[in-house]
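Undergrad: Residue numbers (my numbering): 1149 to 1502.
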Amino acid sequence: MQINISSEAKQAIKNFTIPEELGFGRVMAPVMLEANFENGKWSDMTIVPFGPISMLPTSKVLHYGQEIFEGLKSYRIKGNGPFLFRPDENAKRFNHSAKRMAMPEVPVENFVEAVKVFSKLCSEIIPRRSGESLYLRPFMFSTEEALGIKPSDTFKFMIVASPSGAYFSGGTISVLIERSAVRAAPGGTGNAKTGGNYAAALEAAIETKKLGHDQTLWLDAVTRKNVEEMSGMNFNCIIDGKLVTPALTDSILAGITRNSLLAIAPQLDIQVEEKKLSIDELIEAIKTGRCTEAFACGTAAIITPIHQIAEKDGTVYKLPSAPGPCSTSLRQALLDIQEGRREAPNKEWVLNLE
Ligand code: COI
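(1) At which residues does the beta strand (DSSP E) containing residue 1387 begin and terminate?
(2) Give the secondary structure of residue 1344 by DSSP, where H, G and I count as helix, E and B as strand, and everything else as coil.
(3) In whole angstroms, what is the alpha-carbon distance linking residue 1313 and residue 1297?
(4) Roughly how far, in whole angstroms, is the beta-carbon of residue 1491 from the beta-carbon of residue 1469, given that I think they are within contact range, below 8 Å?
(5) For ligand 1, which residues have a Cβ under 5 Å from at least one heavy atom, in chain order?
(6) Along the chain, where does the alpha helix (DSSP H) containing residue 1179 start, and where does it finish?
(7) Compare the C-alpha of residue 1219 against each of 1225, 1236, 1204 and 1208 and name the closest.
(8) Can you tell which of 1194, 1483, 1472 and 1401 has the C-alpha that lies nearest to the C-alpha of residue 1238?
(9) Residue 1362: buried (16+ other C-beta within 10 angstroms of its C-beta) or exposed?
(10) Beta-carbon within less than 6 Å of residue 1434's beta-carbon, same chain only, minus the 5 sequence neighbours each way: which residues are those?
(11) Taking the straight line between their C-alpha atoms, what separation do you get for residue 1206 and residue 1293?
(12) Measure from the alpha carbon of residue 1498 to the alpha carbon of each residue in 1404, 1474 and 1456, then state which is nearest.
(13) Taking DSSP's pairing of strands, which residues face residue 1494 in a bridge?
(14) Between which two residues does the alpha helix (DSSP H) holding residue 1455 run?
(15) Determine contact between the region 1446–1465 and the region 1318–1329, defined as no fewer than three beta-carbon pairs at a distance below 8 Å.
(16) Need the endpoints of the beta strand (DSSP E) that residue 1293 sits in, please.
(17) Around the C-beta of residue 1193, are 16 or more other C-beta atoms found within 10 angstroms, so that it is buried, or is it exposed?
(18) Apply the 10 Å Cβ neighbour rule to residue 1221 and answer buried if 16 or more other Cβ atoms are within range, or exposed otherwise.
(19) For the alpha helix (DSSP H) that residue 1363 lies in, which residues bound it at each end?
(20) Assuming residue 1507 and residue 1483 make a contact with CB atoms under 8 Å, what is their CB distance in whole Å?
(21) Helix, strand or coil for residue 1397? Go by DSSP, reduced to three states.
(22) Judging by CA-CA distance, which residue of 1450, 1493, 1474 and 1472 is the nearest neighbour of residue 1278?
(23) Less than 8 Å between the CB atoms is what I'm expecting for residue 1244 and residue 1340, so what's the real figure, rounded?
(24) Taking the CB atoms as reference points, tell me whether residue 1303 and residue 1251 lie closer together than 9 Å.
(25) Less than 7 Å between C-beta atoms, sequence neighbours within five positions excluded: which residues of the same chain meet that for residue 1242?
(26) Comparing C-alpha positions only, which one of 1234, 1383, 1427 and 1150 sits nearest to residue 1487?
(27) Rounded to whole angstroms, what is the Cα-Cα separation between residue 1477 and residue 1202?
(28) Measure the C-alpha to C-alpha separation of residue 1425 and residue 1419 and round it to an integer number of angstroms.
(29) Pick out whichever of 1397, 1152 and 1338 has its Cα sitting closest to the Cα of residue 1266.
(30) What are the boundary residues of the alpha helix (DSSP H) that residue 1165 is part of?
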């Protein structure tokens, strides 16, 4: 597989200035990568200037949602880098999602190579402040033009990117428990990173926002008792000084940040426990003071402290500290690893593309 970079793409990078105010996912890098899957194989990849793509209104993705994506970051520290954090894990998860959504795999080495070449090309437009990065969004969608319900025969793989700051501008978040709607069910697509899971959470997001909160906390679809995840990130809390996070099921996305924290926490003398965490146990632990902190984690969210968890009837369970000591030290250790100030639990986690 070859990755071609057009001269217009190189020029677009030269002409680009990073704005002072970034936010998350609003400013787009001026280039994008494309490859097409046809006749059972992938074309070479090409990086061209960012712009509209042409597709017919009958493209299957527009009707049946056959689509998957990933999120990862490329960042620079003190003029060094670009660095990537565990891109092979994104590649593996992408292919897990592809399989579940009846889509072709992008070989791990091709996915990682694409991300590397793209990051190097964008080297000069990666923001430099700690916590800021070039957020990379690889994605794939079905392009076959027909209305029959069947897996598409053709697909497009793309990478777009956004120089980004914090996902949540407020620092800490308030979370609303969703007890009626469900995001994902056993045997469904909850542990695939596909747009439909995020679409399924949008109606609840409207209510969550209307009631003054930032994220929806989803419970399992069968018993409606166990905490699963939030709409765009994993849930964690500190109970009796231990990092507790819901054990993965087929309706929870296996977060790479979540997985990294489970390895980092013991290095900070924080024990970890992945378990079935019932919402009743969580509330009781907050009320009795055993649960001292809670936080969201994800590529975009990094670690975002939760200051309260609420019910739709207005009942609020306040966390004693946000950010608390454990989430602060976990966040710092994660950023220190990602930004090269601390050794990762595994040397292969951080890739220096210099
Ligand atoms: C990420 O953290 O990369 C995600 O895909 C979540 C999304 C809410 C931005």
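Built from N, CA and C at the ideal position, the CB exists for glycine as well.
TA: Straight from the coordinates:
(1) Looking at the DSSP string, the run of the beta strand (DSSP E) that includes residue 1387 is 1382–1387.
(2) Residue 1344: helix per DSSP, three-state reduction.
(3) Cα to Cα, the separation comes out at about 40 Å.
(4) Actually they are not in contact, since the Cβ atoms of residue 1491 and residue 1469 sit about 28 Å apart, beyond 8 Å.
(5) Counting every residue whose Cβ lies closer than 5 Å to a heavy atom of ligand 1, we get 1219, 1380, 1446, 1447 and 1448.
(6) Boundaries around residue 1179 are those of the beta strand (DSSP E), 1179–1186, since no alpha helix (DSSP H) includes it.
(7) Minimum Cα distance to residue 1219 is reached at 1236.
(8) Nearest C-alpha to residue 1238 among 1194, 1483, 1472 and 1401: 1401.
(9) Flag for residue 1362 reads buried.
(10) Around residue 1434: 1465.
(11) Rounded to whole angstroms, residue 1206 to residue 1293 spans 5 Å at the Cα level.
(12) Closest by alpha carbon: 1404.
(13) According to DSSP, which records beta bridges pairwise, residue 1494 is partnered with nothing at all.
(14) It is not in any alpha helix (DSSP H) - residue 1455 instead sits in the beta strand (DSSP E) that spans 1450–1458.
(15) Yes, the region 1446–1465 is in contact with the region 1318–1329.
(16) Segment: none, residue 1293 is in no beta strand (DSSP E) and carries neither H nor E.
(17) Classification for residue 1193: buried.
(18) It is buried - the Cβ of residue 1221 has at least 16 other Cβ atoms within 10 Å.
(19) Careful: residue 1363 lies outside any alpha helix (DSSP H), inside the beta strand (DSSP E) at 1363–1367.
(20) The shown model of the chain, from 1149 to 1502, leaves out residue 1507, and the question about it has no answer.
(21) Three-state result, residue 1397: coil.
(22) Of the residues 1450, 1493, 1474 and 1472, the one whose Cα lies closest to the Cα of residue 1278 is 1450.
(23) Taking C-beta atoms under 8 Å as the contact rule, residue 1244 and residue 1340 qualify, at a distance of about 7 Å.
(24) Yes; because the gap between Cβ atoms is below 9 Å, this pair is in contact.
(25) If we look at residue 1242 and ignore the five residues flanking it on each side, its Cβ neighbours are 1216, 1218, 1254, 1259 and 1286.
(26) Checking every option, the nearest Cα to that of residue 1487 belongs to 1234.
(27) When rounded, the distance between both Cα atoms is 46 Å.
(28) Residue 1425 and residue 1419 have their C-alpha atoms some 16 Å from each other.
(29) Taking each of 1397, 1152 and 1338 in turn and checking the Cα distance to residue 1266, the smallest one comes out for 1152.
(30) The continuous stretches of alpha helix (DSSP H) do not include residue 1165, and DSSP gives it neither H nor E.
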